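Trainee:
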């Protein structure tokens, strides 16, 4: 929504999962969150596969014995498709030094982003290592000294 962009420096997107706008000050945290969620889903999926593969039962018996593991595997696969895809999309955006908003609106179609350093590794480093800085909202609510 356009209303949520007010006051968000380098606005990326409004995240319905966290209920907040993602921008310069919290992008690194968001990026780490989606990659950690992807890694956790993959780890749990591998653990479930390992548990099921160690059984000597026939498939029908294994499905009864490890029904919970199969359900968890299904949830992990769905999570990997959704959150994993999101993680790779944001890795691409970080390498291009683009925001989701800029990418979806094709703001720099055919030209490089003015924020880009021209190198994907340098762009990632810039995006993920920058200091979030101080909130500019505090200045709005602080009365001026007279």
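Residue numbers (the working numbering): 303 to 448. Every residue gets a Cβ at the ideal spot worked out from N, C-alpha and C, and that includes glycine. These numbers were taken from a predicted model, which means no experiment stands behind them.
1. Return the CA-CA distance between residue 385 and residue 338, expressed in angstroms with no decimal places.
2. Below 8 Å, can you find three or more Cβ-Cβ pairs linking the stretch 331-347 to the stretch 380-400?
3. Count the other CB atoms within 10 Å of the CB of residue 375; is the residue buried (16 or more) or exposed (fewer)?
4. Assign residue 408 to one of three DSSP states: helix, strand, or coil.
5. Does residue 413 have its Cβ less than 8 Å from a Cβ in chain D?
6. Assess, as a yes-or-no matter, whether the stretch 307-316 is touched by the stretch 400-408 under the definition of 3 or more beta carbon pairs within less than 8 Å.
7. Tell me which residue opens and which closes the beta strand (DSSP E) that residue 331 is part of.
8. Please classify residue 325 as buried or exposed, where buried requires at least 16 neighbouring CB atoms within 10 angstroms.
9. Could you name the residues that DSSP lists as bridge partners for residue 324?
10. Count the other CB atoms, across all protein chains shown, that sit within 10 Å of the CB of residue 363; report buried if there are 16 or more and exposed otherwise.
11. I'd like the span of the alpha helix (DSSP H) that includes residue 430, first residue to last.
12. In chain order, what residues of the same chain lie with their CB nearer than 6 Å to the CB of residue 344, ignoring the 5 residues before and after it?
13. For residue 452 versus residue 381, is the C-beta spacing smaller than 8 Å?
14. Closest by CA to residue 395, which one among 346, 378, 367, 417?
15. Three-state secondary structure (DSSP) at residue 309?
Mentor: Judging by the given coordinates:
1. 10 Å
2. With a cut-off of 8 Å, the stretch 380-400 and the stretch 331-347 count as touching, because enough Cβ pairs lie within range.
3. Counting the other CB atoms within 10 Å of its CB gives residue 375 a total of 16 or more, which places it among the buried residues.
4. coil
5. Absence of chain D from the displayed structure is noted, only one protein chain being present.
6. yes
7. Taken as a continuous stretch (DSSP letters only), residue 331 belongs to no beta strand (DSSP E), being part of the alpha helix (DSSP H) at 329-355.
8. buried
9. 315
10. So residue 363 counts as exposed.
11. Unbroken alpha helix (DSSP H) run through residue 430: 422-431.
12. The beta carbon of residue 344 sits closer than 6 Å to no other beta carbon from its chain once the five residues preceding and following it are set aside.
13. Absent from the model: residue 452. The displayed extent of the chain is 303 to 448, so no value can be given.
14. 417
15. Secondary structure at residue 309: coil, using DSSP grouped into helix, strand and coil.
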